[in-house]
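Worksheet: one structure, shown below.
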Amino acid sequence: MSSNLLEKSKLSICPGIYCGYQSNSTDCGACQRGYRVNNEKICQLCNEPLSLYNFMYIVFMALLALSFHWYFVNRLRKKKQGEFTFVKQTILYFLSIFEIILAFIFTLLSFPPIGKLTFNTCQVKLFSDFYPIFHNPIVNYRKKLRCSYEVVYPLYVHRQSLVSLLLKWWQKV
79 MSSNLLEKSK
89 LSICPGIYCG
99 YQSNSTDCGA
109 CQRGYRVNNE
119 KICQLCNEPL
129 SLYNFMYIVF
139 MALLALSFHW
149 YFVNRLRKKK
159 QGEFTFVKQT
169 ILYFLSIFEI
179 ILAFIFTLLS
189 FPPIGKLTFN
199 TCQVKLFSDF
209 YPIFHNPIVN
219 YRKKLRCSYE
229 VVYPLYVHRQ
239 SLVSLLLKWW
249 QKV
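Numbering (this note's numbering), first residue to last: 79 to 251.
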């Protein structure tokens with residue numbers, strides 16, 4: 079880290095709990111995706127392993143998407159009772175499971191470390207980590223400094239990818 083950045087961070091502290099200095103800049107602002115502000119108000123890379131709680135959250139989101147898939151399969155069965163057999167319904171159930179698993183694997187492979195079935199995360203430290211938009215500081219009562227970013231990286235991204243799967247199914251029915 080450059081000495082200019084350290085001198086800048088000592089001279090003017092970033093306001094707010096989610097604003098920080100990036101390693102290549104002396105401007106105070108939001109950290110990049112996959113980074114989090116440390117105690118010195120410098121953005122550092124999130125390299126903590128996934129906790130059991132975070133894993134269970136992602137599994138819950140996947141099961142929620144799967145339950146919506148199955149709901150729409152049942153809705154389709156009720157709509158087309160005559161031409162919708164038990165075999166077709168079972169095939170659609172297994173295809174929805176396969177689609178969720180495949181989307182989960184491709185999502186894991188696309189996040190750093192790229193090409194591995196693991197990913198690093200920023201651990202949750204405060205309840206406000208889920209809602210950083212409500213903690214944007216106002217400098218000199220005039221300018222709002224936008225420091226909102228995905229603090230609980232990558233939990234929201236996985237939720238959004240699962241929601242996009244639901245939107246695809248919603249348009250089919």
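From the three backbone atoms N, C-alpha and C, an ideal C-beta is built for every residue, glycine too.
Per DSSP, residue i forms a beta bridge with which residues?
{"i": "Tyr-99", "result": "Cys-106, Ile-120"}
{"i": "Glu-161", "result": "In the DSSP output, where bridge partners are listed per residue, Glu-161 has none listed."}
{"i": "Lys-221", "result": "Val-217"}
{"i": "Arg-114", "result": "Gln-122"}
Do residue j and residue i come within 9 Å of each other at the CB atom, strictly closer than that value?
{"i": "Leu-128", "j": "Thr-199", "result": "yes"}
{"i": "Cys-121", "j": "Gln-110", "result": "yes"}
{"i": "Leu-144", "j": "Leu-170", "result": "no"}
{"i": "Val-202", "j": "Asn-132", "result": "yes"}
{"i": "Gly-94", "j": "Leu-204", "result": "no"}
{"i": "His-147", "j": "Ile-183", "result": "no"}
Label residue i either buried or exposed according to how many other C-beta atoms from any shown protein chain fall within 10 Å of its C-beta, with 16 as the threshold for buried.
{"i": "Ser-174", "result": "buried"}
{"i": "Cys-92", "result": "buried"}
{"i": "Pro-191", "result": "exposed"}
{"i": "Tyr-99", "result": "buried"}
{"i": "Leu-84", "result": "Residue placement at Leu-84 is poorly supported in this model, since its pLDDT is 48, which falls under 50; the coordinates still yield a value, given next. Result: exposed."}
{"i": "Met-139", "result": "buried"}
{"i": "Phe-197", "result": "buried"}
{"i": "Arg-220", "result": "exposed"}
{"i": "Lys-119", "result": "buried"}
{"i": "Asp-207", "result": "buried"}
{"i": "Lys-88", "result": "Summary for Lys-88: the model assigns pLDDT 47, below 50, so the residue's position carries little reliability; its value from the coordinates is reported in the next sentence. The residue is exposed, with fewer than 16 neighbouring Cβ atoms inside 10 Å."}
{"i": "Val-165", "result": "exposed"}
{"i": "Val-137", "result": "exposed"}
Any heavy atom of the ligand NAP closer than 8 Å to the CB of residue i?
{"i": "Gly-98", "result": "Ligands displayed in this structure: none; no statement on the ligand NAP is therefore possible."}
Using CA coordinates, which residue listed in the options is at the minimum distance from residue i?
{"i": "Gly-112", "options": "Thr-168, Tyr-149, Thr-104, Cys-124", "result": "Cys-124"}
{"i": "Cys-225", "options": "Thr-104, Tyr-135, Val-115, Ser-188", "result": "Val-115"}
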